[in-house]
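Just so you know, the protein sequences line up as chains A and B, in that order. Quick note on our numbering: the first sequence kicks off at 358 and runs consecutively. Quick note on our numbering: the second sequence kicks off at 193 and runs consecutively. All C-beta atoms, glycine included, are put in the ideal place defined by N, C-alpha and C. The structure presented is a predicted model; accordingly, all values stated were derived computationally and were not measured.
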Amino acid sequence: DTAVSQTPKYLVTQMGNDKSIKCEQNLGHDTMYWYKQDSKKFLKIMFSYNNKELIINETVPNRFSPKSPDKAHLNLHINSLELGDSAVYFCASSQDPLRGGRRETQYFGPGTRLLVL
Amino acid sequence: DQQVKQNSPSLSVQEGRISILNCDYTNSMFDYFLWYKKYPAEGPTFLISISSIKDKNEDGRFTVFLNKSAKHLSLHIVPSQPGDSAVYFCAASDSNYQLIWGAGTKLIIKP
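Structure follows, in structure tokens:
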């Protein structure tokens, strides 16, 4: 009964390709996130969506585009992949404080390991 | 510029003893602090948190201490168990709810 799921778990692709990573949460949360964990193991926020609306958009290349078809899904599309995009990408979700949750308490998916060759 | 620092990349502790993981921060606007635990090939899972208005929060074997004047927090695990072996991330949030993460400390519990 997975709370936050991501597909695929592993993604190996060539430079220049376009790829998507999907994320779904069944927790009924209002806010979803994409993080990148780089080679130094830091987790860095990329995007945050609240009720399908973008609320955080850190400085990431515009080759990265999040898409939220509904509250339970936040997909990440990456165009023209580069070597430096190789990392682990985590999706997460949290409950809106107005609905009794704390936005900081985030629930993570298992991660997608992207390797660009 | 790292706003949240975990200066020990790894820590080895004997089973049954106390594990103490440390975290320092630089931004005095942070008002909520969290610890997450991460096993290999899994996402981080929330462990325990503390608000800046408190100096201690306890949950079973886990206690988090906050020293605001020193901008320092620590996670105590007692007694340490083999299942506690994982990477522990410290994170802090500001009024925008955005989490700023440390680099993690790998805890190894020796039998």
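- Under the DSSP assignment, Met403 of chain A falls in the beta strand (DSSP E) whose first and last residues are Leu400 to Asn407.
- Under the Cβ distance rule, Trp227 of chain B does not count among the residues neighbouring chain A, no pair being separated by less than 7 Å.
- Closer than 7 Å to the CB of Thr462 of chain A there is at least one CB belonging to chain B.
- At a cut-off of 7 Å between beta-carbon atoms, Phe404 of chain A makes no contact with chain B.
- Between Lys398 of chain A and chain B, the shortest Cβ-Cβ separation is below 7 Å.
- One alpha carbon belongs to Ile269 of chain B, the other to Ser211 of chain B, and they sit about 5 Å apart.
- Here Ile242 of chain B is near Leu258 of chain B, since their CB atoms are less than 7 Å apart.
- By DSSP's assignment, Ile301 of chain B forms a beta bridge with B:Val205.
- Counting C-beta pairs with one atom in each stretch, the segment 437 to 451 of chain A and the segment 366 to 374 of chain A have three or more that are closer than 8 Å, which means they touch.
- Counting other Cβ atoms within 10 Å of its Cβ, Leu265 of chain B reaches 16 or more and is therefore classed as buried.
- Nearest to Leu213 of chain B by C-alpha distance, out of B:Gln198, B:Ser220, B:Trp293 and B:Ser244, is B:Gln198.
- A straight line joining the alpha-carbon of Asn414 of chain A with that of Leu226 of chain B spans about 22 Å.
- Among the CB atoms of chain A, one or more fall inside 7 Å of the CB of Ala295 of chain B.
- In the displayed model, Pro426 of chain A falls within a strand according to three-state DSSP.
- Residue state for Leu455 of chain A is assigned as helix, using DSSP reduced to three classes.
- Remark: C-beta atoms of Arg460 of chain A and Ser450 of chain A do not approach each other more closely than 7 Å.
- The C-alpha of Asn383 of chain A is placed about 11 Å away from the C-alpha of Gly466 of chain A.
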